[in-house]
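This report concerns only the one structure given below.
Residue numbers (the working numbering): 1014 to 1195.
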């Protein structure tokens, strides 16, 4: 039952992207980021034999991530700057290819090679368009610099999640940051 509640939330929240691109995507990314904590809070148990199978959870999570990103991709077609639109489509397709290759091979390093920079890029452009309506990248060089800056934290996150196995906030908090356990 907890999985159904969280899946419904993950299906409904991204719909807000259509009305308010920046805030809708921000809400969808937050819900996605804390999904495991929500599930645990609702009493879900993760293991290989009962309650929630982690492999099934990860596949569902990838599908819901692509659903969320597809709604955001749809909104990019309203962007006036062709350079930003093309970059968004490329970043979406790049990640989509990576998810397909990962699902076929289960090689976790592929998710680092094909990081989900699209989400950060969409948030960056949607923020700029909402609060600085005249924003334009203008040049390919400026676009590339922006994507590179956005890529560094995302590639780091992908590495920690998919190669190091930091699958949730608790792991990150205690094993990466070194937060004291009480």
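Backbone N, C-alpha and C fix where the C-beta goes; we use that ideal spot for every residue, glycine too.
Enclosing alpha helix (DSSP H) for residue 1034 [first to last residue]: 1034-1046 is the extent of the alpha helix (DSSP H) around residue 1034.
task: Ignore the nearest five residues each way along the sequence and tell me which others in residue 1175's own chain have a CB closer than 7 angstroms to its CB.
output: 1121, 1124, 1125
- prompt: Quick one: is residue 1154 buried, meaning 16 or more other Cβ sit within 10 Å of its Cβ, or exposed?
  reply: exposed
message: Tell me which residue opens and which closes the alpha helix (DSSP H) that residue 1140 is part of.
response: 1130-1144
message: According to DSSP, is residue 1175 part of a helix, a strand, or is it coil?
response: Here residue 1175 sits in helix by DSSP.
field: Unbroken stretches of the beta strand (DSSP E), 3 residues or longer, contained in the region 1086-1135
entry: none
query: Going by the beta-carbon positions, is the gap between residue 1030 and residue 1075 smaller than 7 angstroms?
result: no
query: Would the beta-carbon of residue 1137 fall within 7 angstroms of that of residue 1108?
result: no
Cut-off 8 angstroms between Cβ atoms - residues of its own chain near residue 1072, not counting five sequence neighbours on either side: 1116
- request: State the CB to CB distance for the pair residue 1160 and residue 1100, rounded to an integer number of angstroms; the pair is presumed to be in contact (CB under 8 angstroms).
  value: Yes, they are in contact, since the Cβ atoms of residue 1160 and residue 1100 sit about 7 angstroms apart, within 8 angstroms.
message: Can you list, in chain order, the residues of its chain with a C-beta nearer than 8 angstroms to that of residue 1171? Leave out the 5 residues immediately preceding and following it.
response: Excluding positions up to five away in sequence, the list reads 1124, 1125, 1128, 1129.
query: Relative to the alpha-carbon of residue 1110, which residue among 1096, 1085, 1079 has its alpha-carbon at the smallest distance?
result: 1079
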